[in-house]
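Single-structure report; data block below.
4 protein chains.
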Amino acid sequence: MTDDHIRSTTKDNGLIEKRQNQIIKAAIALFKEKGFHKTTTREIAQKSGFSIGTLYEYIRTKEEILFLVCDSIYEQVHQRLEATIDFKQPSIESLKTVIELYFRLMDEIQDEVVIMYQEVKSLEEDDRRYVLEKERDMISMLKWVIVSCVPAKITAKHAELLANNIFIQGQMWGFRRWALHKQFTLEEYIDTQLFYLMKAMDIE
Amino acid sequence: MTDDHIRSTTKDNGLIEKRQNQIIKAAIALFKEKGFHKTTTREIAQKSGFSIGTLYEYIRTKEEILFLVCDSIYEQVHQRLEATIDFKQPSIESLKTVIELYFRLMDEIQDEVVIMYQEVKSLEEDDRRYVLEKERDMISMLKWVIVSCVPAKITAKHAELLANNIFIQGQMWGFRRWALHKQFTLEEYIDTQLFYLMKAMDIE
Amino acid sequence: MTDDHIRSTTKDNGLIEKRQNQIIKAAIALFKEKGFHKTTTREIAQKSGFSIGTLYEYIRTKEEILFLVCDSIYEQVHQRLEATIDFKQPSIESLKTVIELYFRLMDEIQDEVVIMYQEVKSLEEDDRRYVLEKERDMISMLKWVIVSCVPAKITAKHAELLANNIFIQGQMWGFRRWALHKQFTLEEYIDTQLFYLMKAMDIE
Amino acid sequence: MTDDHIRSTTKDNGLIEKRQNQIIKAAIALFKEKGFHKTTTREIAQKSGFSIGTLYEYIRTKEEILFLVCDSIYEQVHQRLEATIDFKQPSIESLKTVIELYFRLMDEIQDEVVIMYQEVKSLEEDDRRYVLEKERDMISMLKWVIVSCVPAKITAKHAELLANNIFIQGQMWGFRRWALHKQFTLEEYIDTQLFYLMKAMDIE
DNA sequence: CATGAATGAGGGTTCATTCAT
DNA sequence: TATGAATGAACCCTCATTCAT
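Protein chains in written order, with our numbering: chain A, 1 to 204; chain B, 1001 to 1204; chain C, 2001 to 2204; chain D, 3001 to 3204.
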């Protein structure tokens, strides 16, 4: 059983990307609302603005949609983080900036974060590994920032833990919003978390 | 979702509880392995040791099984935590003990934690609210411990945040095990997290 | 991906057989009318007298229905042939009897023969091989009858060819009925084919 | 199904024929490999060397492709047979030649024969009748050769049967190749079949 | 003439749930 | 109480066919 099906008869790569973005956008909206499993491919097609047949010209399986969604989210986060980090001149200031940006980003893409958090496990082995790899990259970036910006000596292990903490504190803002948003504005949340992180790293 | 969960057809309350516990145990094992959505009621019945017909004598819908599972998990955590907290004599020591116990507990019931974390959203509105209520209780307990045990003045808001942080750091140990267990033993994890938490609370 | 699905929850073997026979009967009627590919599983279920869900309690895939059909047909032919052949006392008379019986059988189960002839290729590799094996058995039986009943010396090769010829002449009666039935009654067909076969084997 | 097969949109008859021949060739290759039903129009278009849109400029439905294929095969056989038959000087020699040629032809176009044999039933009523008509013609030719070449008196009925036998013996060589080719070379097959046919017709 | 993106009816299959025994 | 056969809504996906460019 080879893949000799003539699938996606579509040739135009620009169109493929455009359509896939429509799909991703529609899927995020729906997954957010009812989760991956309760969302049907027909709904995704409809929300994407085309027929079920057309949907399947641009994706192979429903699962691929989830992968596309996860991939696109991490890609986004990754790029934004990378663009902010100043690899040349590490400083406490830039450390704070990065963490703050990360928190703001998590706030901005709350829905996407929730989806990722809850649905990655629905990905098949390979896809999941691929996505988690990207996550690891992100944490490495945070870790690097910590190690290089903090004046006090921080072991790799400690930096690892702190990076992981920051990582999930960011996610928590989106993921546990019903618990947190009632008590904190985004500004307060960032300030307080930063306050304790700085303390932990012996800054100021 | 409260007492009306009890089937009308079935009388013997002892039996109900016994059967439901069989179901919960089977379901946890299955959900852990393949998730809620990919587990079938037939499988749960089989693993529970009785027929599909019998299964439906003790639960009304598949979703109710998930509720039962979530409820039982939180109940467990809640009880263990409550039993440990010394409401009479708050001290730094008891603070540490509670946090440590919580982390150890999360380690012990890793699989259950993962299930909860990923599947609560599959619960219907009412059930989800009920479960999250329990979660809020837990965090309140942590918050109370912080406020009453820490000598330094900590505002309610700060305590709230720290409680939330502890809460998810515990879950993270189970939830992100593929990332953390490679780098930390449980002891190291507890020690390091405690180290930074103490620092945050100006202890020692 | 193992077969750990809990399929056919049905335990009663007698029932399974009964239901499968219903399915086979319904399928034969439908395949005869519109062929395997144009027949839907829903139609088969309906003609079988139960719902689509029930159908799938007794078969795994649509293809399995085709296999069941093919298998049952050959089984039938095989048994009838075997019951007729007198392995103890080979004689010209018994040779004639066997051939005649075979032709009459082919007449009796015309529809089934047509199905087999046209649809075996739709079976998957393994199933097809299994079915063709049964066909080979049948031809072997015919060959054995020829070799042991005909007085004149007939080489194995010639017997093989004659057996194959008889085999398809029988099938042809069902398969090319639109061409033959207009010109021959079954009796005439049998007589004339037998006439030439006897000639070929130097009998009389 | 006759001249109205020609699309109205398309004018140039030479081009039509050229394209249809491309289609037929591609279709035969594909049908041989996976059968009519499992072959998609997209695959046929691709193998034909043009787009799916263009394919539909030259055929109206997928079924028509099957018709074209069947028609072309019979046309071929018909022409080859007709060219060989010496209608002027019937002789035993020419009888043998015709039969031999027919067997060789069946060997040559084995794949096509298999396709026809298995897929004619997928044709719609009208098309099927049209194709079977051609088959009848072929058998008539064989019958005519038998009647006119064989010295012994053979009734029309007997000739009819013999013609049918020859016809399917030829097809059998292609159709049951897995059974026959292991035991016979083409030469042996022809010789042996001829041997028995001659015997049947009292020749030599 | 040629293209290929778009369509959607329809097919195979699953599985939560019921109910007669 | 326990059972498991029966149900059918609903899901994912395919592919013949059309039509604007």
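In this text, a Cβ means the ideal position worked out from N, Cα and C, and glycines have one as well.
Within chain B, the residues that residue i reaches when beta carbons sit closer than 7 Å
i	result
A200 (chain A)	Y1196, K1199, A1200
H37 (chain A)	H1037
M291 (chain A)	Since the displayed chain A opens at 1 and closes at 204, residue 291 (chain A) lies outside it and no answer follows.
Distance, residue j Cα to residue i Cα
i	j	result
R2060 (chain C)	F2031 (chain C)	18 Å
E135 (chain A)	E75 (chain A)	10 Å
I2092 (chain C)	K2153 (chain C)	14 Å
F2167 (chain C)	K3025 (chain D)	32 Å
W2173 (chain C)	I3099 (chain D)	22 Å
T3010 (chain D)	D3202 (chain D)	Note on T3010 (chain D): pLDDT 48, under 50, position unreliable in the model; the coordinate value appears next. One C-alpha to the other measures close to 56 Å.
Y3117 (chain D)	Q3171 (chain D)	8 Å
L15 (chain A)	M106 (chain A)	30 Å
E3133 (chain D)	K2088 (chain C)	47 Å
T1155 (chain B)	H78 (chain A)	35 Å
Q1066 (chain B)	L123 (chain A)	Correcting the residue identity first, residue 1066 (chain B) is Leu in this sequence and not Gln. About 21 Å.
I3012 (chain D)	A3045 (chain D)	Per the sequence shown, residue 3012 (chain D) should be read as Asp rather than Ile. Roughly 20 Å separates the two Cα atoms.
E3187 (chain D)	T3097 (chain D)	13 Å
R1177 (chain B)	S3051 (chain D)	51 Å
E3064 (chain D)	F3036 (chain D)	11 Å
H158 (chain A)	F1195 (chain B)	10 Å
K1038 (chain B)	A1027 (chain B)	12 Å
Range of the contiguous alpha helix (DSSP H) that encloses residue i
i	result
A152 (chain A)	Where A152 (chain A) is concerned, there is no enclosing alpha helix (DSSP H), given that its DSSP letter is neither H nor E.
E2064 (chain C)	2062 to 2084
V2120 (chain C)	Per DSSP, V2120 (chain C) belongs to no alpha helix (DSSP H) and is neither H nor E.
R1104 (chain B)	1092 to 1108
T2041 (chain C)	2041 to 2048
H3158 (chain D)	3156 to 3175
M198 (chain A)	186 to 200
K2011 (chain C)	From DSSP, K2011 (chain C) is part of no alpha helix (DSSP H); its letter is neither H nor E.
I3052 (chain D)	3052 to 3058
Close-in-space but distant-in-sequence residues of the same chain around residue i (CB under 7 Å, 5 per side omitted)
i	result
V1120 (chain B)	C1070, R1128, V1131
E43 (chain A)	L30
Q22 (chain A)	S48, G49
E2204 (chain C)	M2198
A2163 (chain C)	I2139, L2142, K2143, I2146
F1175 (chain B)	V1113, V1114, Y1117
Y1056 (chain B)	none
D2086 (chain C)	S2094
T1041 (chain B)	I1052, L1055, K1062
Within chain D, the residues that residue i reaches when beta carbons sit closer than 9 Å
i	result
R2042 (chain C)	Those do not exist, as R2042 (chain C) stays about 18 Å from chain D at its closest Cβ, beyond 9 Å.
Beta-carbon proximity list for residue i, same chain, < 6 Å, skipping 5 on both sides
i	result
Q1193 (chain B)	Q1169
T1002 (chain B)	Annotation note: pLDDT 42 at T1002 (chain B) (below 50); position unreliable, no value reported.
R2019 (chain C)	Y2058
D3111 (chain D)	K3032
L2095 (chain C)	V2145, C2149
T1054 (chain B)	none
I190 (chain A)	E100, F103
8 Å CB neighbourhood of residue i in its chain, flanking five on each side removed
i	result
E2082 (chain C)	M2141
Amino acids of chain A, ordered along the chain, whose beta-carbon sits closer than 8 Å to that of residue i
i	result
T1192 (chain B)	K157, H158, L161
L1205 (chain B)	The shown model of chain B, from 1001 to 1204, leaves out residue 1205 (chain B), and the question about it has no answer.
L1081 (chain B)	What L1081 (chain B) touches in chain A: nothing, since even the nearest Cβ is about 17 Å away.
Neighbour list for residue i in chain D, Cβ cutoff strictly below 8 Å
i	result
R2176 (chain C)	N3164, I3168
S2122 (chain C)	G3035, H3037
Q2183 (chain C)	K3157, E3160
Contacts that residue i makes with chain C (C-beta to C-beta distance below 9 Å)
i	result
M3141 (chain D)	Correct list: empty, because the minimum Cβ distance to chain C is about 14 Å.
L3066 (chain D)	Those do not exist, as L3066 (chain D) stays about 12 Å from chain C at its closest Cβ, beyond 9 Å.
Contacts of residue i in chain B (Cβ-Cβ under 8 Å)
i	result
R136 (chain A)	A1179
Beta-carbon neighbours of residue i, restricted to chain B and to distances below 9 Å
i	result
S110 (chain A)	For the record, residue 110 (chain A) in the displayed sequence is Gln; it is not Ser. Within 9 Å Cβ-Cβ: nothing; Q110 (chain A) doesn't reach chain B, min ~14 Å.
Interface residues of chain D facing residue i [CB-CB closer than 7 Å]
i	result
Q2118 (chain C)	Q3118, K3121
Listed by chain order, chain C residues near residue i by CB distance under 8 Å
i	result
L3095 (chain D)	By Cβ distance, chain C contributes nothing, its closest Cβ being about 16 Å from L3095 (chain D), past 8 Å.
Partners in chain A for residue i, counting only beta-carbon separations shorter than 7 Å
i	result
L1101 (chain B)	In chain order: nothing, as chain A lies at least about 20 Å away.
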